[in-house]
Structure formats: C-alpha cells, structure tokens
Amino acid sequence: MIRDAKWITHPQNKLYEPVHFNRKINITKEVRRATLNITSLGCYYAEINGHRVGDFILAPGFTSRRRVQYQSYDITNMLSYENDLDVIVSDGWYKGKINFNVDNGKEELKKALIAEVVIVYKDGTVEKILTDEGWLCKKDKLRMAELYDGEIYDSLFEDSYVSAAPIDYDKKKIVKQEGVFVKEQETLDPVSIFKAPNGDTIVDFGQNLTGYFEFNVLAKAGDRVEFTVCEELDKNGNFYNENYRDAKARFEYICHKGENRYKPILAFWGFRYMRVDSFPVEIKKENLRAIVLHSDIKRTGYLESSSKELNQLFSNIIWGQKGNFLDVPTDCPQRDERQGWTGDATVFCKAACYNYDVNKFFEKWLHDMRLDQGKTGYIPNIIPQTVCWDWSTAESSGAVWGDSATIIPYQMYLTYGNREILKKHYSCMKKYIAYIGSVTKEKYLWTGCDQFGDWLGLDAPSGSYRGSSNEDFIASVFYRHSVGIVCKVGKLLGKDTKKYEVLHERITEKLKATFKEYKTQTECVLALYFDVAENKASVAKQLNQMIVENGNRLKTGFVGTPYLLHALSQNGYCETAYKLLLQDKFPSWLYSVKQGATTIWEHWDGKNEKGEFWSEAMNSFNHYAYGSVADWVYEVACGIKPCEDKPAFEKIVIEPHPTDLLDYLSATLCTKFGKIVSKWYHENGKIRYEITVPKNATVIINGASHKVKRGTHRF
Ligand code: BGC
Numbered sequence: 053m054i055r056d057a058k059w060i061t062h063p064q065n066k067l068y069e070p071v072h073f074n075r076k077i078n079i080t081k082e083v084r085r086a087t088l089n090i091t092s093l094g095c096y097y098a099e100i101n102g103h104r105v106g107d108f109i110l111a112p113g114f115t116s117r118r119r120v121q122y123q124s125y126d127i128t129n130m131l132s133y134e135n136d137l138d139v140i141v142s143d144g145w146y147k148g149k150i151n152f153n154v155d156n157g158k159e160e161l162k163k164a165l166i167a168e169v170v171i172v173y174k175d176g177t178v179e180k181i182l183t184d185e186g187w188l189c190k191k192d193k194l195r196m197a198e199l200y201d202g203e204i205y206d207s208l209f210e211d212s213y214v215s216a217a218p219i220d221y222d223k224k225k226i227v228k229q230e231g232v233f234v235k236e237q238e239t240l241d242p243v244s245i246f247k248a249p250n251g252d253t254i255v256d257f258g259q260n261l262t263g264y265f266e267f268n269v270l271a272k273a274g275d276r277v278e279f280t281v282c283e284e285l286d287k288n289g290n291f292y293n294e295n296y297r298d299a300k301a302r303f304e305y306i307c308h309k310g311e312n313r314y315k316p317i318l319a320f321w322g323f324r325y326m327r328v329d330s331f332p333v334e335i336k337k338e339n340l341r342a343i344v345l346h347s348d349i350k351r352t353g354y355l356e357s358s359s360k361e362l363n364q365l366f367s368n369i370i371w372g373q374k375g376n377f378l379d380v381p382t383d384c385p386q387r388d389e390r391q392g393w394t395g396d397a398t399v400f401c402k403a404a405c406y407n408y409d410v411n412k413f414f415e416k417w418l419h420d421m422r423l424d425q426g427k428t429g430y431i432p433n434i435i436p437q438t439v440c441w442d443w444s445t446a447e448s449s450g451a452v453w454g455d456s457a458t459i460i461p462y463q464m465y466l467t468y469g470n471r472e473i474l475k476k477h478y479s480c481m482k483k484y485i486a487y488i489g490s491v492t493k494e495k496y497l498w499t500g501c502d503q504f505g506d507w508l509g510l511d512a513p514s515g516s517y518r519g520s521s522n523e524d525f526i527a528s529v530f531y532r533h534s535v536g537i538v539c540k541v542g543k544l545l546g547k548d549t550k551k552y553e554v555l556h557e558r559i560t561e562k563l564k565a566t567f568k569e570y571k572t573q574t575e576c577v578l579a580l581y582f583d584v585a586e587n588k589a590s591v592a593k594q595l596n597q598m599i600v601e602n603g604n605r606l607k608t609g610f611v612g613t614p615y616l617l618h619a620l621s622q623n624g625y626c627e628t629a630y631k632l633l634l635q636d637k638f639p640s641w642l643y644s645v646k647q648g649a650t651t652i653w654e655h656w657d658g659k660n661e662k663g664e665f666w667s668e669a670m671n672s673f674n675h676y677a678y679g680s681v682a683d684w685v686y687e688v689a690c691g692i693k694p695c696e697d698k699p700a701f702e703k704i705v706i707e708p709h710p711t712d713l714l715d716y717l718s719a720t721l722c723t724k725f726g727k728i729v730s731k732w733y734h735e736n737g738k739i740r741y742e743i744t745v746p747k748n749a750t751v752i753i754n755g756a757s758h759k760v761k762r763g764t765h766r767f
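With the numbering used here, letter number 362 in the sequence shown gets 414, and the count goes up by one each step, no holes.
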C-alpha cells in the first residue's frame, strides 16, 4: 500500500527548482510482476534505467488540494538485475505560480514524492521498496520547471546526491487515479521558418496548439537553445506575446557536446509561433517539431459542411477543446491562468460532449468540485480551487460559473446516461441552491451579488468586461434553471422534490413579475431559451429585429452566445441563426476565421481588421467558450440531440433544419449504440436527407415523423 511509504523531499527545497530522486533496485531472483505505485506533491516524471515509466504527462494531474491521485504502472518488463529508478518532481500545479501566494516556508507545501515498488517473484515471495530516508536526491539538470514560465535545462549541470528528507503530509489525501491521463497525441512539423521584419527568427507550426516541442541539434558544449512562444504575430508580422501577461512561456537549454535531442518533461505551452532566441546553427524544419498534449479523450463527433470557412470554424472548435482539456477544463492554455474556470466549462460542456467522450474527464473534475465546494455551498469560480488571485479564493459563486454544479452533471446524464454522477452530485447541487438562497438580497431571485454578468459581451460599457445585460436577471434565470435541474435529478433518484418544485414556481413568478422588459440581445436570448418570457413571440421578434438591425450580427458574451442560435431557431428564426453562424464580418465566428484563427478566440474583437489587438490585459486566442456554437450545429442544424426521457440516445429522434445558405451539412456522432449520421444537401432544387441510425429511430422532416429501422435512410 502506497501509504506505507514516506513522503520525501530534498532538504533544500527551492521554489521552481525540480528535485531528482534516485533509488537503486537490485534484483536477484526471477520476477513475475513488478508495479510502481507513485504520486507527488507537484508533477513527476519517472524513469527506470533511462526509459520513461508510463505515458501520463504531467502526472499526477491537477486536483483539489484535498486529494492527490496516485498512479500504478506495470514495470515488469523494464527491470533488469541492477536498476536505477529516477524521479524528477517539479512544482507543477501544486505549488507553482498557479498557487503563487502559497507560503513556501510551510513544511507541507514542499514538493515531495511518495512511491512503492512492489515486486512479486516467481518463487511467490514479495518485496516492497518504499520511499524513505534511504532514497537519494539532488538538484536536476532540469534547473527550472514552471507551468507558466517554462523550462531551463542545463545538460552540463552536475550535483551530488544527499539523503532524502521525510516530510509529514496527510497520507489520507492519497487516492487512486480517477481522471483520464494526459498524453502526447500528435506531432506537427513547422509550416515555415522565417525572419520577421524586426529580424527575429520565427517558426510557424500553422496551428495554435497546446503542448511542447522536440528539437535536435549537433552542438558544442555550452551552446544555447532558447525559445519564446506566442499565439499571434502583431500587425507588422513581428512576435507578440504580451497577452501571456506574467507567464514567461520560455524555454532555455544548455547543450553538451555532440547530438542534443530534447523535449520538455514538466511544462507545457499554448502557442502557434516560436521565436528562436538562440540556436547553435541556422534552424531548419528538420530540427524541430511540436507535440500536442491533451487528456486522452476519444473523439466522438464530426461536423462537415460545404463552406470552407465553416469547416475551419469546426476545426477551431476541436482545437480549442484539445488545447483546453488538459486534465481539467481550462479557460486557456497560454497566459498566467490555465485554470478550471467553471463558467467556461458550463457553456462549452454540451459541445464538448458531442465532440469527444468526456464522461470520465468531467467525473474527475466534478469530484474536485464536490471537495472544493465551500461550507456555505458556494462553488469556487475555479475548480480545482487555486490560490492564484483574490477572486479564486473569494467565498462566493458567480451565476453561470456556479451553475456548473447542476448543468454539467446533468449534461453527463443526457449525453452518456450517467446516473451515477447525478447520485454523487445531488447533495452538492442542493447545497449550491441553498447558498444562492442565503446570499440573495431578494427572496426567489438572485440579486445584489457580485457577478461576472454576460462576460465579454460586446455591449459592455467602455472599460468593462461585463456586457450591459442586467446581472440580477441573468443570475435569477440561472438560479431558476439550476433549481429546475435539481427537481429533475431528484425525481430521477426517487427523492422528494416538493420543496424544490415550490421554489421553482416561486422563482418563476417573481422573475416574470420583476423582469418584464429585455433590453439586450442576451436578455432576450435568456428569456426565450430559459422560458421566462411572458410573450415569447414578441420577444423573439424583438431579438430578431435587434440582430437584423445590427447587420445580422451579435453582441452577446459568454452567457448569451451559447443559447443565441437556439433561442432564434426555437422561435421561428432559424434563418437568422444561420445568418449569424455564417456571418463573416466583425463580430462573428467567421470573422476570426477570416483573420486566420486556428482556435476560438476569447474576444470577438481579439484582433481588429487592421491587425491590432484588443488589449494585452486579457486576450487569449485559445478560449473555447464561443465554440459552444457547435452544439447548435449538432442539435438543430443536423438535428441530433439526446432525448431527456431516454438519454444517451437510447431513444433516437433526428430533426434536421436545413438552409439554402449552405449546399450541405453533415454531423456524425458515435454513441454507445453505434454511429448516427445526419446529412442534408441540395440537389436539383430539392433538399435531400441522408440519415444513418444504429437502431430504431424517428426522423422528423418538415414536421412529419417517420419511423425508421437501423440503417441508412434517404428522404
Ligand atoms: C478567464 C475567463 C473566466 C473569467 C471570469 C478570465 O480571466 O480567462 O475565461 O471565466 O476570467 O471572470
């Protein structure tokens, strides 16, 4: 049992400086099976006899500080007679800058390792090697590893071993691996290497990605390799990474004589371009490649259309997900955040569930949410909760951000039929509802609290990040929505939900009585989509008019955007929804595509037509939130949507909504019953549908229902 081992550290444990542990293992008998159970405070990289153990990058992952996952690796085939087990531990998420005001002096906050090697011999005997004072440690050639800042590796550096020091850290926090491993997924060769106008040498990988790079070079001892990365070039074509804020996003390497081949082990970057600050020779494409990292989630959804730009948007959404599903759902992978912002995950989770199987991925994250939920029931706005800035430790939730507690588990139920997660999360949901009740200034609404509002809405007053939609209205709508989910979940679990039904009714009445007029696009969208408008037809007309008068363009932020096209198509304005989807003038999804985006931008106006940036203060070019539009394409445009009464596509109803604005559109979704394909196209002035289902299904075309059997059907 790993808990029998001791937590060990380097007696002089410095911030950002990785520790190298070593244990010699001599084998004298024949081995049947050998296992390494291991975890760390910080991130670890383990090797046996110079070969990496396992393929989990940045193990043991990012969890609540209330637990640390351990991993088990089968190392039977890695052992010989004399072995070196080497483990390097960096600050990682545990105590790097992401938790930068954690007091480094505290014993329990040192980076540390705990491990056991269990060897079962062929003669039936068992030997256990546990971390203790007998292990050695030293400073590593990896002189610095920090998630925001990057790595410094000195291949000429040598240190001598000292005995590891035990530390006291609660071993009850050690739990089995629950999440999905982060793994290397694919590699990209440079598309071009060029000199920028200011003389910098820049490598372009052609794709904004999350991961690291590998290089090789013949060098003299002491030669340097130095890179700094960025996502975008400025309007003159020069390197620009001011939007990384305090993340240095650097890499430095000191060569030994001969061939140097290296890839980082304890850092990752979000980047498309790389500035070559130093390289021993003139850098060539063969010297370098990028390696894409993300959680090992399986792709399940594919979208394709007749529009090249729209296909690029679909690709950008996928890359946005890849880049931000790195053990936890992050806001962005590049600047000094990379946090599990709950609101971003709330709005993107539906699209995420279509694109990939993210059931296990979210189960782990939701577990961390339960652990980090505050005593009063609030959900920290960042999960796992870090102590990076004040807002991450504020003991409150913003609407939509906090509603991740209800919306995400319920989506896991809808897409995957995951009832277990509802059971596990029900009490967290109820506590969250009680929290809102305890902080609101007016009963049956959620008012008078600090909110993020319609974050980054384009109708924000100047200098503000918050769109001008009424924040009390937004909060109250989501309060009602979350209570509604609690009612549904409670019923599914056979609980008495009377109290929540009454609460839901009261909130509905009060919402309708209090907020009768909707002044912004987002207010109209929420009133329609969440069913709180008294007169839906007139609100829908108003919303449509607002959009048309704005030149078929949106103004919505994080909260309005995910529901905007749904609110339109559900209320008779499907064509307007398509016009927004296919709009390529600023602001729109395809505007960023026209500007060369390869991922989803945080801001509609991240870069203007002159190539000027919005501001360096908050301007990520890889933020998945607006990628939520993919869920409309699956659900409405192609009509593939789970049914609430029989989730996970146990019942299949397909209802596509074609348009004349595209020649064809198709969606493919792999479900546990098999593949669903919904495609429509124009042929000789008619619309043709081609629908494949893995079992009996209903296909609805122009309002007419058709019962179909397993197979492909044409209409
Ligand atoms: C993050 C967002 C997040 C927001 C909330 C930002 O800094 O990048 O995506 O949801 O803060 O205020």
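The beta-carbon is built from N, C-alpha and C at its ideal position, and this holds for glycine as well.
May I ask which residues mark the beginning and end of the beta strand (DSSP E) holding residue i?
i	result
W371	First-last for W371: 360 to 376, but that is the alpha helix (DSSP H), not the beta strand (DSSP E).
A719	716 to 723
Y686	Segment: none, Y686 is in no beta strand (DSSP E) and carries neither H nor E.
Y125	120 to 126
E769	Summary: the structure shown does not reach residue 769, with the chain confined to residues 53 through 767, and so no result is reported for it.
R327	321 to 330
T750	749 to 753
Could you check if residue i belongs to the surroundings of ligand 1, using beta carbon to heavy atom distance under 6 Å?
i	result
G395	yes
E389	yes
F504	yes
D383	yes
Would you mind reading off the limits of the alpha helix (DSSP H) that contains residue i?
i	result
F413	411 to 424
W641	641 to 646
P218	Element bounds for P218: not the alpha helix (DSSP H) but the beta strand (DSSP E), 217 to 219.
V541	523 to 544
K568	Segment: none, K568 is in no alpha helix (DSSP H) and carries neither H nor E.
T394	394 to 407
So, at 6 Å on beta carbons, what are the nonlocal neighbours of residue i in its own chain, with the 5 sequence-adjacent residues on each side left out?
i	result
F767	Y741, I753
S215	E185
H758	V751
P332	V269, A271, D275
K607	L510, D511, Q573
F413	V232, S347, I349
E523	Q503, G505
For residue i, which residues from the same chain have a beta carbon less than 7 Å from its beta carbon, with the 5 sequence-adjacent residues on both sides left out?
i	result
F209	K193, R195
Q259	L240, R324, W371, T650
S357	N363, L714, Y716, L717
D252	N290, F291, R327
V541	Y462, L474, Y478, M481
E159	Confidence in E159 is poor, its pLDDT being 47 and thus under 50, which makes the residue's placement unreliable; the coordinate value appears in the next sentence. Taken in chain order, the residues that qualify are I219, D220.
I127	A86, T87, L88, I100, V105
Identify which residue in the options has its Cα closest to the Cα of residue i.
i	options	result
E415	L555, I434, Q425, Y465	Y465
Q783	T628, M326, A689	Outside the displayed range of the chain (53 to 767) lies residue 783, so it cannot be described from this structure.
E561	E575, F291, D583, S116	D583
I34	F246, S644, G113, T398	Residue 34 is absent from the structure shown; the chain starts at 53 and stops at 767.
R341	G392, A271, R390, T262	T262
Y146	A404, L137, I652, K163	K163
K662	R75, E668, D286	D286
G94	E69, N671, F257, K191	E69
V529	K564, E294, N671	K564
R351	Q391, P694, A403	A403
T467	I226, M670, K724, P746	K724
W653	G426, K593, N295, E569	N295
E702	N288, N748, E338	N748
A301	Y314, F265, R313	F265
K476	Q391, D697, I460, I60	I460
Beta-carbon of residue i versus every beta-carbon of chain D: anything under 7 Å?
i	result
Q573	Absent here is chain D; the protein component of the structure consists of one chain.
Excluding five sequence neighbours on each side, which residues of the same chain lie with their C-beta closer than 8 Å to the C-beta of residue i?
i	result
C626	L620, V688, H709, T711
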